[in-house]
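A.B. asks:
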Amino acid sequence: MSKYWKPGSERPRTVLVDDEEGGVLFLSSPPSSSGFGHSSLERQRQRLPVYKYRTAILYLVENHATTIIVGETGSGKTTQIPQYLKEAGWAEGGRVIACTQPRRLAVQSVASRVAEEMGVKLGEEVGYTIRFEDQTKPNVTKIKFLTDGVLLREMMDDPLLIKYSVIMVDEAHERSLSTDMLLGLLKKVQRRRPQLRIIISSATIDAKSMSTFFHIRRRNIGQAAEDPTPSELPAILSVEGKGYNVEIHYVEEPVSDYLQAAVNTVLSIHDKEPPGDILVFLTGQDDINAAVQLLTEDAQNNGLLVLPLFSGLSRADQDLIFSPTPKGKRKVVISTNIAETSLTLEGIVYVVDSGFSKQRFYNPIPDIENLVVAPISKASARQRAGRAGRVQPGKCFRLYTEEYFVKEMPAEGIPEMQRSSLVSCVIQGNKGESGGLNDLRRNQNTQNELKLKALGIDNILGFDWLASPSPEAMIRALEVLYSLGILDEDAKLTSPTGFQVAEIPLDPMISKMILSADTYGCSEDIITIAAVLSVQSIWISVRGAQKEFDEVKLRFAAAEGDHVTYLNVYKGFIHSGKSSQWCYKNYINYHAMKKVIDIREQLSRLLRRLGIVLKSCERDTQVLRKAIIAGFFAHACCLEEFSPNGMYKTIKSSQEVYIHPSSVLFSELLGI
DNA sequence: GAGCACTGC
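Going by UniProt numbering, the final residue of the first sequence carries number 672, and the count climbs one at a time with no gaps.
1) Just list the alpha helix (DSSP H) runs in the stretch 304–329, keeping only unbroken ones of 4 residues or longer that don't cross its boundaries, in chain order.
2) Answer yes if the stretch 268–281 comes into contact with the stretch 103–121, meaning at least three C-beta pairs across the two stretches below 8 Å, and no otherwise.
3) Rounded to whole angstroms, what is the Cα-Cα separation between residue 317 and residue 328?
4) CB-CB under 6 Å to residue 393, same chain, minus the five flanking residues each way: which ones, in chain order?
5) Do three or more CB pairs link the stretch 531–549 to the stretch 463–479 at distances below 8 Å?
6) Could you tell me the distance, in whole angstroms, from the CA atom of residue 609 to the CA atom of residue 485?
7) Would the stretch 82–99 and the stretch 124–144 be scored as touching if the rule is three or more Cβ pairs under 8 Å?
8) Go ahead and label residue 25 buried or exposed: buried means 16 or more other beta carbons lie within 10 angstroms of its beta carbon, across all protein chains shown.
9) Which ranges would you report for the beta strand (DSSP E) in the stretch 183–258 if only whole runs of at least 3 residues count?
10) How big is the Cα-Cα spacing for residue 471 and residue 362?
11) What number of angstroms, rounded off, separates the C-alpha of residue 168 from the C-alpha of residue 561?
12) Can you find the residues in the same chain that come closer than 8 Å, C-beta to C-beta, to residue 640, ignoring five residues on each side of it along the sequence?
13) Spatial neighbours of residue 632 within its chain, please: C-beta separation below 8 Å, excluding the five flanking residues on both sides.
14) Please confirm if the stretch 601–621 is in contact with the stretch 515–528, defined as three or more CB-CB distances below 8 Å between the two stretches.
15) Are the stretch 159–179 and the stretch 189–204 in contact at 8 Å, needing three or more beta carbon pairs?
16) Can you tell me whether residue 547 is helix, strand or coil according to DSSP?
17) Whose CA, out of 528, 61 and 391, lies closest to the CA of residue 596?
18) My guess is that residue 516 and residue 339 are in contact by the Cβ rule of under 8 Å, so how many angstroms apart are they, rounded?
19) Can you give me the C-alpha to C-alpha distance between residue 664 and residue 563, rounded to a whole angstrom?
20) Secondary structure at residue 352, three-state DSSP: helix, strand or coil?
21) Does the stretch 45–58 come close enough to the stretch 127–135 that 3 or more CB-CB pairs lie under 8 Å?
22) Are three or more beta carbon pairs between the stretch 530–544 and the stretch 582–589 nearer than 8 Å?
23) Measure the alpha-carbon distance for residue 208 versus residue 190 and round it to whole angstroms.
24) Using DSSP bridges, identify the partner residues of residue 368.
25) Do you know how far the Cα of residue 162 is from the Cα of residue 622?
26) Where residue 518 and residue 653 are concerned, what is the direct C-alpha to C-alpha distance, given to the nearest angstrom?
27) According to DSSP, is residue 128 helix, strand or coil?
28) Excluding the 5 residues flanking residue 666 on each side, which residues of the same chain have their C-beta closer than 8 Å to its C-beta?
29) Does at least one heavy atom of the ligand MG sit under 7 Å from the Cβ of residue 426?
30) Would you call the stretch 345–356 and the stretch 321–335 touching, i.e. three or more CB-CB distances under 8 Å?
31) Please classify residue 587: does DSSP put it in a helix, a strand, or coil?
32) Expressed to the nearest angstrom, what Euclidean distance is found between the alpha-carbon atoms of residue 412 and residue 173?
33) Rounded to whole angstroms, what's the CA-CA distance from residue 252 to residue 261? Just pull it up for me.
34) Which residues in the same chain have their Cβ closer than 7 Å to the Cβ of residue 320, if we skip the five residues on either side of it in sequence?
35) When you compare the CB positions of residue 421 and residue 634, do they come within less than 8 Å of one another, or not?
36) Report the rounded CA-to-CA distance for residue 399 versus residue 65, giving the unit in angstroms.
Right, here's the structure in full:
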C-alpha cells in the first residue's frame with residue numbers, strides 16, 4: 001500500500017492532520033477520473049465533516065492495524081470511509097472492503113446510498129448481505145455492507161476472513177451481542193493475519209477501552225517480508241458531527257411520576273414554544289398508551305396530534321408517524337427506545353426524555369431473563385437529545401436533575417453481553433474455532449488447522465471478551481449445552497449433534513428441538529414452530545379491541561399449548577393463500593408471518609443439507625411435544641398443588657413461575 | 001391480565 005504515498009513527502013505530524021498541512025497525497029485516483037468536484041453528489045460528499053479527514057484516515061489505516069474513529073451522527077463516516085478505502089486501492093487484487101452494521105435496514109440503505117454516489121448498480125461493485133438477501137457478486141463486489149451477524153456466520157466457513165482487506169465495524173458503541181462477539185473474534189484474527197485492517201467506528205468518546213482491548217502484542221509468526229506489518233497500537237481519530245445545537249433543560253427537583261411529568265412537559269412545550277414536533281421517550285407499551293390517552297383527553301390540546309410508537313405496532317400504525325403533520329397541528333410521538341437508534345423521525349425539534357428504558361437482564365442462577373425498567377446511560381441520554389437537532393436547533397427536556405445526570409447517571413450502559421444468556425455465543429465461538437464440518441473437510445492441511453485452532457475459543461472461560469460476562473453466566477451456558485448433548489465434557493462441540501446445532505442459525509434449544517424432531521418423525525411441523533419462535537411475535541397489538549382479539553385468538557387455540565397453536569395459525573395462513581387480508585382479520589402480523597415463511601424455507605434447505613428428510617406427524621401431537629421437550633426440558637416446571645393462582649415451580653431450581661397472560665393456556669387457567 | 005430494541009446461509 002505504500003505506493004500511494006508521495007515519495008519523500010513528510011508524514012503527518014499529528015493524528016488530526018488534513019491535506020494542506022500534512023503534505024500527504026494519495027495518487028491512486030487522479031481528480032479527473034474520480035470525478036472530483038463536478039457532479040452535485042460529489043459536492044455533497046465533500047461537504048461532509050469526514051471529508052477533511054480523508055487523508056488522515058487513509059494514513060492511519062495504512063499504518064495501524066486498528067483505527068478507532070469516534071464520530072457523531074451526520075459525519076458521513078459510514079458512507080464515505082469505505083469509498084475512500086476503495087479509492088486508495090484497498091479493494092485491488094480481488095480483495096473486499098467490509099462494513100458491518102447492527103441492523104438490516106441500515107445495511108440496505110447505506111449500501112444503496114454508496115452505490116448511488118459511486119454511480120454503480122447496487123449488487124455489483126457495491127453490494128450488501130443480510131439474512132435472506134445476498135446482493136453481492138463474487139469477484140465483482142469491492143465494497144460490501146453486511147450485518148455483524150452475517151459476518152459472524154461467514155467466519156464459520158472462513159475463520160480468518162481471507163477475502164477482506166479492511167473490516168469496518170460501525171456503531172460499535174451500541175455494544176450489541178454480535179458486535180461484541182465479532183470484535184472479540186476479530187482481535188484473534190488479527191493476531192494470525194496482521195495485514196488485516198480493522199476500523200472501529202463509535203459515537204461515544206469511550207474509545208480508550210476499545211484501544212486498550214485492541215492493543216495486541218503479536219507472537220512472532222513469520223510474516224511475509226515484503227509487507228511491513230502495521231503498528232499494533234490502535235489509532236484514535238475523532239470527527240465532528242453535523243447535527244444542530246440542542247439546548248438541554250433539566251428539572252429542578254426529581255420527579256416522582258415521570259409519566260405525568262412527561263405529559264405536563266409536552267403541554268407546556270405546546271403552550272410556550274414555537275412550532276416543531278415533539279418526541280417523548282418512555283419505557284414501554286403501557287406507559288405509552290397511558291400518555292397518549294392523557295394527552296388526547298386533555299381538552300385544551302386540540303392542536304396536538306398524538307401518536308404512539310413501539311415495535312409491536314402494526315406496520316400501518318407505524319407509518320402514521322411518517323405522515324406529514326397537518327397544518328396548524330403539532331405532532332407528538334410517544335415512543336420506546338425504537339426512536340433512539342432504529343428509526344429516525346424528521347422534523348423533531350423537541351425531545352422529552354424520561355431517563356428510563358426497559359432493559360433485559362439475565363440472572364444465571366435460575367437461568368431466567370427479565371425485562372425491567374431501568375435508568376438509561378449518559379450515552380443514551382445524549383443520543384436521545386440528538387434526535388431534536390436533525391433539521392434545526394432544538395431543545396431537550398430531561399425529566400431528571402442536572403446533578404443526577406452529572407453525578408449519578410452511568411456513562412455507558414451495561415453491554416448486552418453481560419445481560420444475556422450466553423448459550424448462543426458459546427456455540428458461535430466454538431464453531432468459529434474449529435471451522436465446523438465444512439472446514440474440517442476442506443482444510444486437511446496442517447497449517448490451516450493450526451490457524452483455526454489459534455483463532456478459537458478453546459476455553460470459553462478464558463476467551464478475551466471486550467466485556468467479560470459473569471463466570472456464573474458462562475458456567476450456566478456450558479451446563480445447558482452439555483445437558484443438551486451439544487458440548488462434551490471438554491466443552492467441545494459433539495459430533496454430529498453439536499456441529500449440526502452450530503450449523504442452524506437459531507437458539508441452540510430450538511436447534512436441538514429440530515434435530516430431535518427427526519427422530520420422532522415430525523420435522524416438517526417442528527420447523528414451523530421453530531420459525532414462529534424465532535420471530536418477535538406473530539400477533540398484532542391492538543388498542544381498544546382487546547376482547548375481540550382474545551376471542552379471535554381462541555379460534556386457533558390448541559389444548560396442547562402455544563406451540564401447537566402456532567401450527568394452527570401457520571396452517572390457516574397457508575390456507576388463506578398467504579393473504580394479508582386474512583392476517584388483518586385475525587389480528588396476525590402479516591410481516592411476521594412472511595418472515596416465518598422465509599425462516600421455514602431456510603430451515604428446510606438446511607435440514608436437507610444435513611441429510612434430514614422432512615416428515616410430518618400429521619395429527620400426532622404427542623411426538624411433537626416430545627421433540628419440544630427434547631430442546632426445552634431445562635424449562636420444565638410443575639403445577640403447585642392447591643395453588644389458587646396457578647403457580648408453577650421449575651424442576652431445576654424450584655423457581656416460582658406463572659403462565660404468561662399472552663399464552664393460550666392463560667385463558668384456560670381462568671376458565672374462559 | 002401482558003409484549004425495550006436488535007440479529008443469524
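Heads up, the beta-carbon is just placed ideally off N, CA and C, and yes, glycines get one too.
C.D. replies: To lay it out plainly:
1) 315–320
2) no
3) On the first sequence, position 317 is the one that residue 317 refers to. On the first sequence, position 328 is the one that residue 328 refers to. Answer to the nearest angstrom: the Cα atoms are 22 Å apart.
4) For the purposes of this step, residue 393 is taken as residue 393 along the first sequence, with counting starting at 1. 244 and 245.
5) no
6) Start at 1 with the first residue of the first sequence, and residue 609 comes out as number 609. Start at 1 with the first residue of the first sequence, and residue 485 comes out as number 485. Rounded to whole angstroms, residue 609 to residue 485 spans 21 Å at the Cα level.
7) yes
8) To locate residue 25, count along the first sequence from 1; it is residue 25. Reliability of the predicted coordinates at residue 25 is poor, the pLDDT of 26 falling under 50, and the value obtained from them is presented with this limitation in mind. Residue 25 should be labelled exposed.
9) 197–202, 235–239 and 246–250
10) The residue given as residue 471 occupies position 471 in the first sequence. The residue given as residue 362 occupies position 362 in the first sequence. Whole-angstrom Cα-Cα distance: 13 Å.
11) Here residue 168 corresponds to residue number 168 of the first sequence, with the count starting at 1. Here residue 561 corresponds to residue number 561 of the first sequence, with the count starting at 1. Cα to Cα, residue 168 sits roughly 45 Å from residue 561.
12) Indexing the first sequence from 1 puts residue 640 at position 640. Here the set comprises 647, 648 and 649.
13) Taking the first residue of the first sequence as position 1, residue 632 is located at position 632. If we look at residue 632 and ignore the five residues flanking it on each side, its Cβ neighbours are 509 and 513.
14) yes
15) yes
16) The residue you call residue 547 lines up with position 547 of the first sequence. Residue 547: helix per DSSP, three-state reduction.
17) Start at 1 with the first residue of the first sequence, and residue 596 comes out as number 596. Per the Cα distances, 528.
18) In the first sequence, residue 516 corresponds to position 516, counting from 1. In the first sequence, residue 339 corresponds to position 339, counting from 1. No, residue 516 and residue 339 are not in contact; Cβ-Cβ is about 41 Å, not under 8 Å.
19) Translated into positions along the first sequence, residue 664 becomes position 664. Translated into positions along the first sequence, residue 563 becomes position 563. If you take the alpha carbons of residue 664 and residue 563, they lie about 10 Å apart.
20) As a position in the first sequence, residue 352 is number 352, starting the count at 1. Here residue 352 sits in strand by DSSP.
21) no
22) yes
23) As a working mapping, residue 208 is identified with position 208 in the first sequence. As a working mapping, residue 190 is identified with position 190 in the first sequence. Whole-angstrom Cα-Cα distance: 19 Å.
24) Numbered from its first residue, the first sequence carries residue 368 at position 368. Partner(s): 363.
25) Locating residue 622 in the first sequence gives position 622, where the first residue counts as 1. Locating residue 162 in the first sequence gives position 162, where the first residue counts as 1. Going from the Cα of residue 622 to the Cα of residue 162 covers about 48 Å.
26) On the first sequence, position 518 is the one that residue 518 refers to. On the first sequence, position 653 is the one that residue 653 refers to. Looking at the two C-alpha atoms, the distance is approximately 30 Å.
27) To locate residue 128, count along the first sequence from 1; it is residue 128. Correct three-state label for residue 128: strand.
28) Start at 1 with the first residue of the first sequence, and residue 666 comes out as number 666. Excluding sequence neighbours, residue 666 sits near 659 and 660.
29) By its list of ligands, the structure shown contains no ligand whatsoever, and the ligand MG lies outside what it can speak to.
30) yes
31) Counting from one through the first sequence, the residue named residue 587 turns up at place 587. It is coil, neither helix nor strand.
32) Taking the first sequence and counting its residues from 1, the one referred to as residue 412 is at position 412. Taking the first sequence and counting its residues from 1, the one referred to as residue 173 is at position 173. Distance between the alpha carbons of residue 412 and residue 173 is about 9 Å.
33) Here residue 252 corresponds to residue number 252 of the first sequence, with the count starting at 1. Here residue 261 corresponds to residue number 261 of the first sequence, with the count starting at 1. Spanning the two alpha carbons is a distance of roughly 12 Å.
34) The residue you call residue 320 lines up with position 320 of the first sequence. 307.
35) Within the first sequence, the letter at position 421 stands for residue 421. Within the first sequence, the letter at position 634 stands for residue 634. No, the Cβ-Cβ distance between residue 421 and residue 634 is not below 8 Å.
36) Along the first sequence, read from residue 1 onward, the residue named residue 399 stands at position 399. Along the first sequence, read from residue 1 onward, the residue named residue 65 stands at position 65. Spanning the two alpha carbons is a distance of roughly 43 Å.
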